[in-house]
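Participant: Note that full-length UniProt numbering has the sequence shown beginning at 1, numbered continuously upward.
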Amino acid sequence: EDSKIHRGESSAAGRQARRHLLFQAAQRPGVLREVRRRGASEKILKLAANISGDKLVSLGTCFGKFTKTHKFRLHITALDYLAPYAKYKVWIKPGAEQSFLYGNHVLKSGLGRITENTSQYQGVVVYSMADVPLGFGVAAKSTQDCRKVDPMAIVVFHQADIGEYVRHEETLT
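1) Cβ of K46 within 7 angstroms of any heavy atom in the ligand COA?
2) How should Y127 be labelled, buried or exposed, when 16 other C-beta atoms within 10 angstroms of its C-beta is the threshold for buried?
3) Taking C-alpha atoms, which residue in T69, I44, A139 and G64 lies nearest to Y88?
4) Does the Cβ-Cβ distance between V90 and G163 come in under 8 angstroms?
5) Using only CA atoms, which one of F66, H70 and K43 lies nearest to L59?
6) So for I51, helix, strand or coil by DSSP?
7) Identify, in the order they occur along the chain, each residue of the same chain with its Cβ nearer than 6 angstroms to the Cβ of T115, setting aside the five sequence neighbours on each side.
8) Who are the near neighbours of A79 in its chain, counting only those whose CB is closer than 8 angstroms to its CB and skipping five residues on each side?
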């Protein structure tokens, strides 16, 4: 079952196992609970218990949504919860940060560092050189391929970034 999680299979059992691992790994004060694809601390759940169900509109942090094809698409709101547990990371140079935050892919010329043994099409968390998480992406090239590509080649496909808070603030839920 654990190998399915890392291969990214989209079966119901695989999705359930990934959610279980995420909530099991959360080491923040209180307990992170799943409430309809949202994360909420034990403290927030206790406070929300005083509000009737028909009056409660939303609770917790939205981690993402399922697409029509039943694949899970992460929202940028999950970045603070997932970044500390990221296995694969990419650091980008200060000159490339603004481009990434405007929704563009990361080029080799903007790549600062990349985690060793990152495979092609692996999900990554994108950091600034000052270790500030900026967003999510997918590695367009493996670590070994990044060393030999030309400077204008795309090395990380953009998926989500913290600039979305400004660009799409009315649609983020």
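Virtual Cβ for every residue (Gly too), placed ideally from N, Cα, C.
Facilitator: Let me spell this out:
1) For the ligand COA, the structure offers nothing, since it holds no ligand at all.
2) buried
3) A139
4) For the 8 angstroms CB-CB criterion, V90 and G163 do not form a contact.
5) Comparing Cα-Cα distances from L59 to each of F66, H70 and K43, the minimum goes to K43.
6) Reduced to three states, the DSSP call for I51 is coil.
7) Y88 and K89
8) Per the sequence presented here, residue 79 reads as Leu, with Ala not at that position. Here the set comprises V125, P133, G135, F136, A160 and I162.
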